[in-house]
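K.L.:
Dropping the structure in here first, questions after.
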Amino acid sequence: MADLAATRLSDKEDDFRPAGGLQLAARQLLRNPAATIGFAVLTLMVLAAIFAPLISPHNPIQIKLSAKLQPPSAVYWLGTDHFGRDVVSRLIYGARVSLSVGLLVILFSFSLGVPIGVLSGYVGGRLDATLMRLVDAFLTFPPLLLAVAIVGLLGPDIQNVMIALGVVQAPVLARLVRASTLAAREETYVTAVRALGASPTRIIVGHVLRNVLSPIVVQLTIGFSAAVVSEASLSFLGLGTQPPQPSWGRDLAEARRFMTDAPWLFLAPTLTIMLAVLSINFVGDGLRDALDPRSWVTRRRATQEADD
Amino acid sequence: MNRHFVKRLAQVPLVMILVTLTIFIVVRSTPGDPIQIMLGMQTSPDAVEALRKEFRLDQPVLVQYIYWIGDLLRGDLGRSIRLNVPVSQLLAERFPISLRLASAAMLYAIALSIPLGIFAALKRNSFIDYLCTGFTVAGFSIPNFALAMILIYVFSIQLGWFPITGIGASEAEGAGFWPQISPYILPAVALGTLQTAVLTRLLRSSMIDVLSQDYIRTARAKGLANTTTLLIHALKNAMIPFVTMVAIQFGYLIGIQVTIEYVFAIPGMGSAILQAVVTRDFPVIQGFTLIIATFFLFANIVADVIYGLLDPRVRY
Chain A
0 MADLAATRLS
10 DKEDDFRPAG
20 GLQLAARQLL
30 RNPAATIGFA
40 VLTLMVLAAI
50 FAPLISPHNP
60 IQIKLSAKLQ
70 PPSAVYWLGT
80 DHFGRDVVSR
90 LIYGARVSLS
100 VGLLVILFSF
110 SLGVPIGVLS
120 GYVGGRLDAT
130 LMRLVDAFLT
140 FPPLLLAVAI
150 VGLLGPDIQN
160 VMIALGVVQA
170 PVLARLVRAS
180 TLAAREETYV
190 TAVRALGASP
200 TRIIVGHVLR
210 NVLSPIVVQL
220 TIGFSAAVVS
230 EASLSFLGLG
240 TQPPQPSWGR
250 DLAEARRFMT
260 DAPWLFLAPT
270 LTIMLAVLSI
280 NFVGDGLRDA
290 LDPRSWVTRR
300 RATQEADD
Chain B
0 MNRHFVKRLA
10 QVPLVMILVT
20 LTIFIVVRST
30 PGDPIQIMLG
40 MQTSPDAVEA
50 LRKEFRLDQP
60 VLVQYIYWIG
70 DLLRGDLGRS
80 IRLNVPVSQL
90 LAERFPISLR
100 LASAAMLYAI
110 ALSIPLGIFA
120 ALKRNSFIDY
130 LCTGFTVAGF
140 SIPNFALAMI
150 LIYVFSIQLG
160 WFPITGIGAS
170 EAEGAGFWPQ
180 ISPYILPAVA
190 LGTLQTAVLT
200 RLLRSSMIDV
210 LSQDYIRTAR
220 AKGLANTTTL
230 LIHALKNAMI
240 PFVTMVAIQF
250 GYLIGIQVTI
260 EYVFAIPGMG
270 SAILQAVVTR
280 DFPVIQGFTL
290 IIATFFLFAN
300 IVADVIYGLL
310 DPRVRY
């Protein structure tokens with residue numbers, strides 16, 4: 000088995016086929032149990048978020064005071080809150096907010112950070128110096144503080160949360176992409192295509208960007224989990240999702256008042272946030288290993304050592 | 000070493016200018032008038048105009064920026080629009096609390112991560128190593144405010160060991176040692192757990208790295224069997240990245256307390272910024288974020304210097 004993987008690896012190095020590499024990476028990812036579990040949990044959460052109206056047992060925002068602060072039961076699996084709203088349903092709808100914010104934030108930071116990073120790294124010179132000093136300035140602020148300032152000033156609203164988090168994350172991505180671009184620019188294959196007369200756009204998109212893709216993907220999973228935590232934090236502070244809309248962070252803040260009488264109210268969102276972040280981190284760690292061919296080699300050695 | 004340090008310090012003014020510019024752009028490019036928010040809609044336009052003049056908000060933005068920088072250079076952070084007190088006075092009340100909480104969180108992180116990191120590195124793939132990995136993974140995944148609520152539920156509500164609030168309030172003179180210390184414990188643990196995870200992971204990997212070095216093998220080979228000696232030998236080198244990271248993380252801790260302050264009702268810098276942001280109290284937002292960014296910047300420089308001093312291989 001190990002030998003088979005070794006042959007494939009050397010095949011890939013001999014003639015460059017990106018599809019094969021992707022397949023290999025996917026196989027590596029599924030060989031990692033933590034990443035597989037994380038991927039499964041995340042998939043379930045995404046499905047729950049998409050099909051929320053179909054699967055949630057109750058209406059997440061309908062107030063029913065006769066059923067307030069019910070402990071977990073057959074009807075209300077995780078109990079109800081102080082307005083008699085079903086906790087499970089609120090968590091399911093809350094997943095919609097958290098996951099879509101996470102997704103849009105990484106899309107936003109990608110479309111802002113990657114062009115800046117590639118441009119800075121590829122063009123270099125004065126443009127690079129200017130852009131990177133700007134990036135440095137943004138990185139001098141703790142991310143959450145910057146997000147609090149931006150959202151607070153723009154007005155508490157989920158759309159502003161996405162803008163703020165995207166702006167906060169973009170500099171990190173820009174710096175990473177710049178470093179990878181600088182390294183890729185010096186590679187022989189880039190010199191080769193330049194000698195062949197390829198245009199700068201073609202070199203950047205077709206060759207440089209393609210080869211810095213794996214650190215970008217890894218950084219995006221980190222950004223995704225950071226965005227989920229930050230959205231929860233901002234909503235917790237009252238700056239994100241506004242009531243009565245369900246949100247993990249806001250529901251957690253509301254539950255503070257009922258910790259003694261209804262501990263399930265704060266435990267449910269706490270554990271859900273943890274589970275989501277843990278899953279994303281597992282997938283991210285798995286991706287980092289799977290996309291790095293050097294770690295394949297070490298793992299192959301490790302299995303060989305174990306076999307001996 | 001000295002030349003590098005001087006070079007780093009020489010860059011500080013440039014970075015600071017960029018930082019102030021960033022703050023100013025973020026704060027001023029957003030809608031909302033602090034005077035109108037404070038006075039409400041019923042006030043006469045004259046009163047609004049007068050106040051606006053007093054805070055120089057009637058001037059063009061660039062002129063305001065130059066005024067702000069001029070004041071800063073004279074050590075003046077301006078006045079809070081909403082509270083009508085000097086920002087420096089507000090800072091004098093809030094900064095010590097944030098600094099104390101950050102120090103407590105850092106102490107906790109150091110005290111826990113050193114034994115965890117060392118044992119995990121010495122006994123790789125043992126139970127304690129897995130425990131350490133589990134702790135690190137959990138520490139990276141649980142948001143500090145969620146951890147804070149679990150801690151409150153277990154240690155304050157169920158066990159009654161620690162008070163939920165009290166920072167800033169029980170600071171009254173003459174209070175004993177415990178009443179002064181106890182309100183800091185839960186917030187410090189909630190705040191410092193992420194740093195503990197960061198430091199444990201770092202120490203474990205640098206310790207493993209050092210233990211595989213040739214000089215450790217040589218020390219073993221020449222008969223240095225005493226584990227303690229060996230440990231100190233190795234630890235001295237493994238601590239270099241650790242100490243550097245402590246400095247960086249400490250600079251960071253000052254600025255990330257806002258959610259913890261919210262949970263434990265702590266009158267620190269984060270909650271001041273949160274309030275100021277909602278009421279658009281420009282001088283407070285600008286002054287406080289500037290202090291936090293400066294603190295972070297200098298923590299990084301200190302980290303750099305420590306690294307250079309501790310590691311003789313590093314010659315700038």
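Quick note, the sequences are listed as chains A and B, same order.
Going letter by letter, the first sequence gives residues 0 to 307 in numbering that gives the first Met the number 0.
Going letter by letter, the second sequence gives residues 0 to 315 in numbering that gives the first Met the number 0.
Heads up, the beta-carbon is just placed ideally off N, CA and C, and yes, glycines get one too.
Given the structure is predicted, the values throughout are model-derived calculations rather than measurements.
Is residue 262 of chain A close to chain B, meaning its C-beta is less than 9 Å from at least one C-beta of that chain?
P.N.:
yes
K.L.:
Just curious, the alpha helix (DSSP H) that residue 284 of chain A is in, first and last residue?
P.N.:
263 to 289
K.L.:
Assuming contact is defined by CB atoms lying nearer than 9 Å, are residue 245 of chain A and residue 89 of chain A in contact in what I supplied?
P.N.:
yes
K.L.:
Quick check on this structure: which residue in B:295, B:154, B:284 and B:88 has the alpha carbon closest to the alpha carbon of residue 248 of chain B?
P.N.:
The shortest Cα separation from residue 248 of chain B among B:295, B:154, B:284 and B:88 belongs to B:295.
K.L.:
To the nearest angstrom, report how far apart residue 332 of chain B and residue 222 of chain B are at their CA atoms.
P.N.:
The requested residue 332 of chain B is not part of the displayed model; chain B covers only 0 to 315.
K.L.:
Are the CB atoms of residue 146 of chain A and residue 164 of chain A within a distance shorter than 9 Å?
P.N.:
yes
K.L.:
Which two residues bound the contiguous alpha helix (DSSP H) that contains residue 268 of chain B?
P.N.:
268 to 278
K.L.:
Chain B partners of residue 362 of chain A, CB-CB under 7 Å?
P.N.:
Past the boundaries of the shown model lies residue 362 of chain A; chain A is included only from 0 to 307, so the question cannot be answered.
K.L.:
For the alpha helix (DSSP H) containing residue 54 of chain B, list its first residue and its last residue.
P.N.:
Counted as a single uninterrupted DSSP element, the stretch harbouring residue 54 of chain B is not any alpha helix (DSSP H), since DSSP gives it neither H nor E.
K.L.:
Please state whether DSSP places residue 132 of chain A in a helix, a strand or coil.
P.N.:
Residue state for residue 132 of chain A is assigned as helix, using DSSP reduced to three classes.
K.L.:
Would you report the Cα separation of residue 19 of chain B and residue 79 of chain A, rounded to the nearest angstrom?
P.N.:
47 Å
K.L.:
Residue range of the alpha helix (DSSP H) that residue 258 of chain A falls in?
P.N.:
No alpha helix (DSSP H) holds residue 258 of chain A; DSSP gives it neither H nor E.
K.L.:
DSSP three-state call for residue 208 of chain B: helix, strand or coil?
P.N.:
helix
K.L.:
Does the distance from the C-beta atom of residue 237 of chain B to that of residue 211 of chain B stay below 9 Å?
P.N.:
No, Cβ-Cβ distance for residue 237 of chain B and residue 211 of chain B is not below 9 Å.
K.L.:
With residue 121 of chain A and residue 207 of chain A assumed to form a contact (beta carbons below 8 Å), what rounded beta-carbon distance in angstroms separates them?
P.N.:
7 Å
K.L.:
Let's see if you can read the secondary structure: which residues bound the alpha helix (DSSP H) around residue 154 of chain B?
P.N.:
Residue 154 of chain B -> no alpha helix (DSSP H), and no H or E assigned at all.
K.L.:
Can the beta-carbon of residue 308 of chain A be found closer than 9 Å to that of residue 115 of chain A?
P.N.:
Absent from the model: residue 308 of chain A. The displayed extent of chain A is 0 to 307, so no value can be given.
K.L.:
If I'm right that residue 100 of chain B touches residue 87 of chain B with Cβ under 8 Å, what's the distance once you round it to whole angstroms?
P.N.:
So it is not a contact: roughly 20 Å between Cβ atoms.
K.L.:
Please state if the CB of residue 95 of chain A and the CB of residue 33 of chain A are separated by a distance shorter than 9 Å.
P.N.:
No. Outside cutoff.
K.L.:
Pick out whichever of A:279, A:188 and A:171 has its Cα sitting closest to the Cα of residue 223 of chain A.
P.N.:
A:279
K.L.:
Examine the ligand ZN and report whether any of its heavy atoms sits within less than 8 Å of the Cβ of residue 104 of chain A.
P.N.:
The model depicted lacks the ligand ZN and carries no ligand whatsoever.
K.L.:
Using a cut-off of 7 Å between C-beta atoms, extract the partners of residue 231 of chain A located in chain B.
P.N.:
142
K.L.:
Are there three or more Cβ pairs, one per stretch, closer than 8 Å when the segment 261 to 277 of chain A is compared with the segment 130 to 146 of chain B?
P.N.:
yes
K.L.:
If you count every other CB in all the chains shown that lies within 10 Å of the CB of residue 72 of chain A, and 16 or more means buried, which is it?
P.N.:
exposed
K.L.:
Does residue 4 of chain A come within less than 9 Å of chain B when only Cβ atoms are used?
P.N.:
For residue 4 of chain A, the predicted structure reports a pLDDT of 46, less than 50, and the residue's modelled location is therefore unreliable. A value from the coordinates is still provided. Under the 9 Å criterion on CB atoms, residue 4 of chain A is classed as non-interfacial with respect to chain B.
K.L.:
Note down the Cα distance separating residue 182 of chain B from residue 194 of chain B, rounded to an integer number of angstroms.
P.N.:
Their backbone Cα atoms lie some 20 Å apart in a straight line.
K.L.:
In angstroms with no decimal places, state the Cα-to-Cα distance between residue 15 of chain A and residue 284 of chain A.
P.N.:
Low local confidence applies: a pLDDT of 47 at residue 15 of chain A is under 50, so the model's placement there is unreliable, with the coordinate-based value given in what follows. Cα-Cα distance, rounded: 25 Å.
K.L.:
Which residues bound the alpha helix (DSSP H) around residue 133 of chain B?
P.N.:
126 to 140
K.L.:
Note down, in chain order, every chain C residue with its Cβ under 7 Å from the Cβ of residue 130 of chain B.
P.N.:
Here the protein chains are A and B, and chain C is not one of them.
K.L.:
Per DSSP, which residues does residue 85 of chain A bridge with? Please list them.
P.N.:
A:79
K.L.:
For chain A, find out if any of its Cβ atoms is closer than 9 Å to the Cβ of residue 273 of chain B; answer yes or no.
P.N.:
Closer than 9 Å to some Cβ of chain A, the Cβ of residue 273 of chain B qualifies, so yes.
K.L.:
DSSP beta-bridge partners for residue 78 of chain B?
P.N.:
B:85
K.L.:
Measuring CB atoms only, is the segment 165 to 184 of chain A touching the segment 212 to 222 of chain A, in the sense that at least three cross pairs come out at less than 8 Å?
P.N.:
yes
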